[in-house]
Amino acid sequence: MKDTIKFITWPALAGLLAALLILDRFVLPERQARPVSSASVSYAAAVRNASPAVVNIYTARLVPEQRRPRIEDLFSNRFNPPQEQRQRIEQSLGSGVIMTAEGHILTNNHVISQVDAIQVLLHDGRLAKARVIGTDPATDLAVLKIDLPNLQPVELGNSEDTRVGDVVLAIGNPLGFGNSVTQGIVSALGRYGLQRNTYEDYIQTDAIIHLGNSGGALVDTEGRLLGINTLIYTAGDQGRAASPTGIGISLAIPVNLAVFVMQDLIDYGEVIRGWLGVSVEPVRRLDNGTPSGQALLVSAITEDSPAQRAGVKLGDLITHLDGEPIQDGRQTMHQIAMLRPGDDIDVTVQRETQSLDLHAVVGTLRQSPTI
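First residue of the sequence shown? That's 1 in UniProt numbering, and the numbers climb one at a time after it.
Next comes the structure, spelled out in structure tokens:
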């Protein structure tokens, strides 16, 4: 009986195994090999590279203490000389970015405006007093200087290469928590009209920033500086310095503009901008009644300005600068401001039905709304 069971069982098992092999090899669909799991996406290297260059800024200023007058004071002040007004210390916070090994730090002008003392806390825990090298309210930028050894400046990126959709990281000192990082993408480029600054060309991101992030670093996924975090746009606002609560619209000054301003503040104590001496209004240019791009209508000319000496007249339409067509009036103002006094620039104007090529020598910007 046992021999009979053996005789029947072994062939059955062998047949079952053979059937399974045939099904797996020829009948069942080929199973996709599961890829070997790669490391999860991380920006730790970028943060590690950039964080040592991001500092916390603490400021203090003396302000008159507001006291509600007492009834007895109202009578005593009639007969006694006023006592010395009491003062209190008002503190605030912000962020900054170490730009040079010599200790130059970029931050926002509104972070250090009208303060009496500035302290800088480094990523490694060192604390230093900072002095102001220069400020530029027109871009809301300021340069500070600290005297410490072994500083690690940030690696610079190129804001001209920044694209909408690029991943960016915001590093700063939100709400006094110390170095913190948020992540997002570039939402838009060339934002303006959000402050009263003369020069606005913001990078918009959805990397959340809060009060204290102003002056901090916006970096790419390699840890290279792309901008200086400056503003949060909040519902009902027209843009303001970083506030306690943001809604995902954050604005940063492009690094190329920030470096231009910083270098002038270090070298000259002020920003030297190019100037033509004309007031302009953007208009739509027409060719035979058909829109053909934008132009700048000259609405005023400063006496003895570079534009007047070049032959520009009231009512002219500026259509090209150095052979490049006018795309945006505000960008044109930036383009001229980035030139140096003494630089040459070709200006193409349309005067009635004529197109004229003029040559101007750039002057120095004065405190006026002209370009």
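We treat Cβ as the ideally placed atom computed from N, Cα and C, and that holds for glycine. As the structure is a computational prediction, the values presented were derived from the model and not from experiment.
Cutoff 8 Å; reference residue i; Cβ partners in own chain excluding five residues on either side
| i | result |
| --- | --- |
| Ala258 | Leu106, Thr139, Leu141, Gly227 and Ile228 |
| Leu314 | Val298, Ser299, Ala300 and Ile301 |
| Asp206 | Gly184, Ile185, Ser187, Gly248, Ile249 and Ser250 |
| Ile272 | Asp264, Arg340, Pro341, Thr364 and Leu365 |
| Ser355 | Thr319, Thr348 and Val349 |
| Val362 | Gly274, Trp275, Leu276, Pro306, Ile336, Leu339, Arg340, Pro341, Gly342, Asp343, Asp344 and Ile345 |
Close beta carbons around residue i, own chain, < 7 Å, minus the five adjacent residues each side
| i | result |
| --- | --- |
| Met99 | Ile105, Leu106, Pro153, Val154 and Met262 |
| Gly178 | Asn56 |
| Val312 | Val278, Val298, Ile301, Val347, Val349 and Leu358 |
| Ala360 | Leu276, Pro306, Ala307, Ala310, Ile345 and Val347 |
| Gly165 | Ile185 and Val186 |
| Val255 | Leu156, Gly157, Ser159, Leu225, Leu226 and Gly227 |
Bridge partner(s) assigned by DSSP for residue i
| i | result |
| --- | --- |
| His359 | Asp346 |
| Gly94 | Ile57 |
| Pro282 | Leu296 |
| Glu324 | Leu321 |
| Ile105 | Ile98 and Leu144 |
| Asp136 | Leu141 |
| Gly274 | Thr364 |
| Ser180 | Gly172 |
| Ala252 | Ile203 and Asn229 |
| Ile336 | Ile336 pairs with nothing; no bridge assigned. |
| Val120 | Ile57 and Ala128 |
| Val167 | Ile185 |
Residue i - DSSP class collapsed to helix/strand/coil
| i | result |
| --- | --- |
| Val47 | helix |
| Thr290 | Summary for Thr290: the model assigns pLDDT 47, below 50, so the residue's position carries little reliability; its value from the coordinates is reported in the next sentence. Looking at Thr290 - three-state DSSP - the assignment turns out to be strand. |
| Ser187 | strand |
| Arg126 | coil |
| Gly227 | strand |
| His110 | helix |
| Gln263 | helix |
| Val219 | strand |
| Ser40 | coil |
| Thr205 | strand |
| Asp161 | helix |
| Arg330 | helix |
| Ala33 | Low local confidence applies: a pLDDT of 49 at Ala33 is under 50, so the model's placement there is unreliable, with the coordinate-based value given in what follows. DSSP places Ala33 in coil when its eight states are reduced to three. |
| Leu151 | coil |
| Pro64 | strand |
| Leu314 | coil |
| Leu257 | helix |
Short Cβ contact (8 Å threshold) for residue i with residue j
| i | j | result |
| --- | --- | --- |
| Gln327 | Gln294 | yes |
| Leu148 | Gly212 | no |
| Gly274 | Arg340 | yes |
| Leu144 | Ile118 | yes |
| Val111 | Thr59 | yes |
| Thr230 | Ile208 | no |
| Ala337 | Tyr199 | yes |
| Val97 | Val54 | yes |
| Leu365 | Ala310 | no |
| Leu169 | Ala252 | no |
| residue 386 | Leu296 | The structure shown does not extend to residue 386, since the chain spans only 1 to 371, so no value can be given for it. |
| Leu317 | Arg284 | no |
Contacts around residue i, its chain only, beta-carbon distance under 6 Å, and the 5 residues preceding and following it disregarded
| i | result |
| --- | --- |
| Ala128 | Val120, Ile146 and Leu148 |
| Gly269 | Gly134 |
| Val167 | Ile185 and Thr221 |
| Asn49 | Gly223 |
| Pro52 | His123 and Gln152 |
| Pro137 | Asn109 |
| Ser113 | none |
Any C-beta of chain C under 8 Å from that of residue i
| i | result |
| --- | --- |
| Gly96 | The structure shown contains no chain C; it holds only a single protein chain. |
Contact test: residue i Cβ vs the ligand GTP heavy atom, cutoff 7 Å
| i | result |
| --- | --- |
| Pro64 | With respect to the ligand GTP, the structure shown offers nothing to examine, as it has no ligands at all. |
The region 199 to 219 in contact with the region 165 to 178 per 3-pair CB rule at 8 Å: Because the criterion of three Cβ pairs below 8 Å is met, the region 199 to 219 and the region 165 to 178 touch.
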